[in-house]
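In our numbering, the protein residues as written are -7 to 350. Where a beta carbon is used, it is the ideal one built from N, C-alpha and C, also for glycine. Structure record follows, encoded as structure tokens.
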Ligand SMILES: Cc1ncc(COP(=O)(O)O)c(C=O)c1O
């Protein structure tokens, strides 16, 4: 196969597609036949290779194991009724990827390599994408430090990889929402820190408080600001929206909060449907007060994996608050609006889809 950038392409001799039940792929359980691998050395990114999915060999002194220089992205590809494959807003993920690289003192990745890689990979592995509603191909680009050197300084060698996993959205309408804990002790991020980027350590550090919350019966955490723990920030891998009466409220992004692609898409879709969206600081007490007055209608998380994840309630300082059942929830209709675009069921008037070139 010849590409604009002369990628080396080695196709698999034996597809593993038949090992997967297309209706039950799980999430991150199966990986497609091919991956992209690109090395950074001698001060530049080398020409990427597309090769059969498989393990790497790494030197034990690789800096990733010691100093945690690693970043990742999460983006989804969809298949329409005619079999065309599109990726949802990958330009946004690409820009965030390089914001993450910059903050973690890693080399930024070239845009043409990223998009050519998507074109080749998704052409080779498009049979893995189930076109049914709720199914997609989760694309995971990541970069990690490979230089074998123990000095605590940025590495001079890295590997950039893209792997793809067929997935089913974990939440379907009609399923009960999840209960979360509004965190008032641990923090995910702090001013001047790395909360706004997707470096691996952000996630590793959140596991312990999340496990403690799970032991108390909560599925996830809503993080609050590290200084006062009085303001709502974001959930595990989702931004959060609160509906009070007919207004949708979400926290502004800053250096503690990830600028979610789903968040910005939902804001646009909601505004275009005439819903008032307020982007402002949200006090936990304001939400508790709205709950007391009966004006708190919905809380939902927004992220690539679930798109919209409704909450059934939340806990805060030892007390649980249950959300009411509402008719025609905003979360559900906004999720449908995004999915209609993703699966090509309506016109893509915002130009959000990147169409894979055959
Ligand atoms: C911490 C965090 N917040 C929010 C999000 C939602 O972002 P997106 O909608 O781009 O998936 C994610 C997922 O990437 C995340 O990891």
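Quick test of your reading: residue i and residue j, contact by CB under 8 angstroms. State the CB separation rounded to the nearest angstrom.
i	j	result
residue 216	residue 176	6 angstroms
residue 187	residue 180	6 angstroms
residue 236	residue 288	6 angstroms
residue 40	residue 28	5 angstroms
residue 86	residue 68	So it is not a contact: roughly 14 angstroms between Cβ atoms.
residue 279	residue 234	6 angstroms
residue 140	residue 51	4 angstroms
residue 296	residue 66	5 angstroms
What do you reckon, are the CB atoms on residue i and residue j nearer than 8 angstroms?
i	j	result
residue 294	residue 194	no
residue 269	residue 240	yes
residue 135	residue 156	no
residue 17	residue 158	yes
residue 3	residue 142	no
residue 121	residue 89	no
residue 299	residue 254	yes
residue 348	residue 129	no
residue 308	residue 174	yes
residue 183	residue 273	no
residue 78	residue 126	no
residue 37	residue 82	no
residue 258	residue 326	yes
residue 31	residue 151	yes
residue 105	residue 191	no
residue 72	residue -1	no
residue 149	residue 33	yes
Taking DSSP as the reference, what is the three-state secondary structure of residue i?
i	result
residue 18	coil
residue 271	strand
residue 115	helix
residue 9	helix
residue 338	coil
residue 129	strand
residue 195	helix
residue 3	coil
residue 277	helix
residue 292	strand
residue 44	strand
residue 151	strand
residue 201	helix
residue 25	coil
residue 311	strand
residue 137	strand
residue 105	helix
residue 301	strand
residue 37	strand
residue 51	coil
residue 345	strand
residue 173	strand
Sequence ranges, alpha helix (DSSP H) only - wholly within the region 59 to 103, length at least 4: Counting only runs of 4 or more residues that sit fully inside the region 59 to 103, the alpha helix (DSSP H) segments are 82 to 95, in chain order.
Give, in chain order, every unbroken run of the alpha helix (DSSP H) that is at least 4 residues long and sits entirely within the region 209 to 268. Fully enclosed alpha helix (DSSP H) runs of 4 or longer: 253 to 264.
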